[in-house]
Each structure stands twice: as C-alpha cells, then as structure tokens.
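Just below is one structure, and these are the notes that go with it.
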Amino acid sequence: MTEKATRTVTITHPGGLHARPCVAIAQMAKQFQSQIRLSNRRQTVNAADVLQVLTLGAPCGSQITIEARGPDAVAALDALCKLFAENFGMES
Amino acid sequence: MLQCWLLSNGKLTAADEPEANVRVFVRPDDRERRELVDRWQIDEHTLTSALDPDELARLEFEADHIAMIFKRPRNYSSEERFLFKVSSCGIFVYPDSMLIVLPEDATLFTGRLFARVGSLPELMLKCIFASIHHFLEHLRVINAVSDALEEQINAAMDNKYLLNLFSLEKSLVYYLNAINSNGKLIERMKLNAPKLGLSGELVELLDDLLIENSQRKEQAEIYSNILAGLMDARVSIVSNNLNLLIKALTVITIAIMLPTFVVSLFSMYVPIPFQGHPLAFWGVLALSLASIGAVKFFLWWKRW
Chain A
3 MTEKATRTVT ITHPGGLHAR PCVAIAQMAK QFQSQIRLSN RRQTVNAADV
53 LQVLTLGAPC GSQITIEARG PDAVAALDAL CKLFAENFGM ES
Chain B
89 MLQCWLLSNG KLTAADEPEA NVRVFVRPDD RERRELVDRW QIDEHTLTSA
139 LDPDELARLE FEADHIAMIF KRPRNYSSEE RFLFKVSSCG IFVYPDSMLI
189 VLPEDATLFT GRLFARVGSL PELMLKCIFA SIHHFLEHLR VINAVSDALE
239 EQINAAMDNK YLLNLFSLEK SLVYYLNAIN SNGKLIERMK LNAPKLGLSG
289 ELVELLDDLL IENSQRKEQA EIYSNILAGL MDARVSIVSN NLNLLIKALT
339 VITIAIMLPT FVVSLFSMYV PIPFQGHPLA FWGVLALSLA SIGAVKFFLW
389 WKRW
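Following this line, the structure appears as structure tokens:
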C-alpha cells in the first residue's frame, strides 16, 4: 500500500544544512523504499541523492518540508525527523 | 563578533566579557582588530595570517603569549559547487586567558570533546583535535559525493559531473596541503612541549593528535589518488556515452533518409513509370517501407 506523509522540521544545528548533515540525510533516505523529497522555500530535492541535498543550502532556523510517498512513508518520516531533532548525530 | 567563555573547574561556559578567560573573535571588525593589536599585543601580520585562508599553520613564541595558526575545513555552502575549501584559525594563549580568531562563523566547543577541559593548553589541543576530526568527516563527505557523482557519470553525456569531480579533486589537494601543514605544527608543538607548558598527559594527547593527523593525511592521499587515477576512465565513459547518442541519431537519420529518397524519386515532375497505374501510390509507399526494412536488415547484419 502506498502511503503519503508530510512533515515540517526546523533546522536547529548551528551550522545549518552543511555537508555532513546532507550526507547523513541521503544515507538515511536510501534505507527506505519510499520516495522522499525535501523542500525549502526555493527548491525541492530528492532526499536520497546527496548531490541534490547539497544544493538546498538551508541555514540554521530555516524550515524544511519532508514529503514521503511509498510503503514505508511514515517510518521514513519518523527516522528523518529524529535525525533532524538530534542535529544529524553531529557534535560540531 | 565577540563570544566570551569562562573555563573554570574543568567546565567551559558562556560568560560575560569581564570575567571571561576565553574570547572568540569571529570575523573581527576594525575596532576588534585594533583591540587585538593594542590590548592583546598581537602582531598585525600574525592577526592577518589568522584570517587568511591561504596561510600555512605555524607556531610563534611572543613575549607574553604563544601565537598559533592552524588549518580547519571551511563550512561547505551550496554555492561552492562541490569545492571544499579550508580556512585558518588563530589561537593566542596567554598565562591566564586565551583568544581564538576565526575568519568565519564556526561552531566551537560542542560535543563530548569539550565536556571536560582541564586547562587552557588542553583547550588549545582540543581545538586542534576538533579540527582534525572535522577533516575526517569532510573526507567522508567527499567520498560519498564522489560515489554519487560516479553513478551519475555512468549515464551522463555532458561535462557537468566531470567538472564536479575535478572540484572534488581540487578540494582534496587543498585538504592534503592543510593536513600536512597541521602535521608540521603538531610536530613543532611536540618539540616545544615544555615551552608550551604541556604536562605529561597533554604530551600524550599531542602524540594522539600526531597519529590522528597522519591517518587523515593518508586517507586524503588515498582518496586523491583514487580520484585522479580513475578520472581518465570517467572522461572516456562520458565520451563513449556521447558516441552512443551520435550513433543512435545517425541511424535514425539514415532510416528516414532512404524512404524520403524513394518518395522524392517518384515525386519528380517528369513522366515516370507506372504513373497512371491505379496502385501507383500504394506501390511507392510499399517501396519506401521496404527501404526502412532494408536499412534495419543491414544494421542487424552488420551488428551495428
């Protein structure tokens, strides 16, 4: 069954969505079958493609909308929101 | 911009300017630069070096402080098109305080590494440790981006992804140079450990830094060699993809050209055979379709 879910998160990492978080997001998105898209005010990108995520350029405090479509959409959103909430598992 | 911190009882906490013993100057303006030179007696040339991304890492002993410049990766921004650059950071250690000068915004003193800091020299070493760890994480990012670019190149026909790979290769050269420079700084620090006031425990930490840094250097060298070595093969793949496209377009052109020739031959405004025949139109159509079949058979026969 195909599910569709959308959530909005705020980037709290002081460095914003820089190189390391982008790779962490892409690696996480690849683990799910669902098509996951991230969008800010300027553009929408495929979350599983690190090259596209790197072009988002979202600073700290900006809002990102995550949209997942597929059999594990809700699980994918849960995992990605957790990643954002935990500042991408990064210490600096 | 000035950020103030207090290092007391092994903890580093944000503090007001008068009580702070660790001051971080981020992109100092003219007034702050004046303060650094006049109040803190920092040599103007050294201060400029700390803010210059092209400056090499170095250690200098001044009359009342130790000046140290080391390299750190610059935060990646989406405008940089896969070019990862390096930046400099200046640390000035006084007997009872420490100044850090940064040319850009950076997140300092976060994570477990800074949860417990015993002294200012330890904080200085941990800043270098954080920088080495930052290099490691960026090398992993470069590797991940390189893998993603390779996947795209397999089907690409333009130079966009190749140019991105060249940017990554250039980034690795910057990183190698910076890591190498940091290595020389750490070696010099080890030689001058008593002068820097480093205890036995901190000298051990310095040894760890040296090992960590040399591992990063090897890692950067390996990535750089792999990227450089396979670049020619990737250029050939793009060229081959383009050849395949040209071949497909040529086949389409020839397949259209032959029936066009047949039809145009029977369209000449001169007396032609069978022009009065009731099935002349269908005959010409059949002949043009047969010519397409002939082209297809020829291509199949030649295995093109």
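Order-wise, the sequence lines are chains A and B.
All letters in the first sequence, in the order written, are residues 3 to 94 by the working numbering.
All letters in the second sequence, in the order written, are residues 89 to 392 by the working numbering.
Quick reminder that beta carbons are idealized off the backbone N, C-alpha and C, glycines included.
Owing to the predicted nature of the structure, the values given are computational and were not obtained by experimental measurement.
In this structure the stretch 61-77 of chain A touches the stretch 5-25 of chain A; the number of beta carbon pairs closer than 8 Å is three or more. Each residue's CA atom was taken as its position, placing B:Ile267 and B:His221 some 11 Å apart. Among the bridge pairs identified by DSSP, A:Asn48 is matched with A:Arg39. With a threshold of 16 other beta carbon atoms within 10 Å, B:Ala236 meets it and is buried. In summary, the residues of the stretch 145-176 of chain B whose CB is separated from some CB of chain A by less than 8 Å are Asn163, Tyr164, Ser165, Ser166, Glu167, Phe170 and Phe172, in the order they occur in the chain. The C-beta of B:Gln307 has 16 or more other C-beta atoms within 10 Å across all chains shown, which makes the residue buried. Within chain A, no residue has its beta carbon less than 7 Å from that of B:Arg115; the closest one is some 15 Å off.
DSSP links A:Gln65 through a beta bridge to A:Thr12. Between the alpha carbons of A:Leu82 and B:Leu297 lies a distance of about 34 Å. With contacts defined as CB atoms closer than 7 Å, B:Asn270 and B:Ala155 fail to qualify as a contacting pair. Here the alpha carbons of B:Ser379 and B:Ile334 stand approximately 22 Å from one another.
For B:Gly381, the uninterrupted alpha helix (DSSP H) segment begins and ends at Ala368 to Lys390. DSSP, reduced to helix, strand and coil, places B:Ile154 within a strand of the structure shown.
Counting C-beta atoms within 10 angstroms of its own C-beta, B:Trp93 has 16 or more neighbours from the protein chains shown and is therefore classed as buried. Using beta-carbon distances, A:Val52 counts as an interface residue toward chain B, with a partner under 7 Å.
When the alpha-carbon of B:Leu139 is set against those of B:Ser175, B:Val372, B:Leu251 and B:Leu315, the nearest one is in B:Ser175. B:Ile325 carries a helical assignment under DSSP once its states are collapsed to helix, strand and coil. Between A:Val52 and A:Val11, the beta carbon gap of about 18 Å keeps them out of contact (Cβ cut-off 8 Å). Distance from the CA atom of B:Lys272 to the CA atom of B:Leu315, rounded to whole angstroms, is 26 Å.
Shortest Cα-Cα distance from B:Asn109 to any of B:Val350, B:His365 and B:Leu100 involves B:Leu100. Contact of A:Val25 with chain B by beta-carbon distance below 8 Å involves Arg228, Val229, Ala232 and Val233.
Cβ contact annotation for B:Tyr249 (same chain, cutoff 6 Å, sequence separation greater than five): Leu237, Gln240 and Ile241, in chain order. Counting the other CB atoms within 10 Å of its CB gives B:Ile299 a total below 16, which places it among the exposed residues.
In this chain, the beta strand (DSSP E) harbouring B:Arg111 covers Val110 to Val114. Exposed is the label assigned to B:Gly364, since fewer than 16 other Cβ atoms lie within 10 Å of its Cβ. Counting only the Cα atoms, A:Gln54 lies some 17 Å from A:Gln33. Taking 8 Å as the upper bound on Cβ-Cβ separation, chain B lies near residues Asp51, Val52, Leu53, Leu56, Thr57 and Leu58 of the stretch 34-58 of chain A. Between B:Ser234 and B:Leu264, the C-beta spacing is not below 7 Å. For a cut-off of 8 Å, the C-beta gap from B:Leu260 to B:Ser312 is around 4 Å, short enough to register as a contact. The alpha-carbon separation between B:Met356 and B:Gly371 amounts to approximately 16 Å. Residue contact with chain A for B:Ala244: absent (no Cβ-Cβ distance below 7 Å to any residue of chain A). Collapsing the DSSP output to three states places B:Thr198 in coil. Ranked by Cα distance from B:Leu211, the options B:Leu224, B:Leu227 and B:Tyr182 are led by B:Tyr182. Between A:Gly17 and B:Thr195 a beta carbon distance of about 6 Å is seen, short of the 8 Å cut, so the two are scored as contacting. With a beta-carbon spacing of about 6 Å, A:Leu40 and A:Ile68 fall inside the 8 Å limit used to define contacts.
When DSSP states are grouped into helix, strand and coil, B:Gln240 belongs to the helix group.
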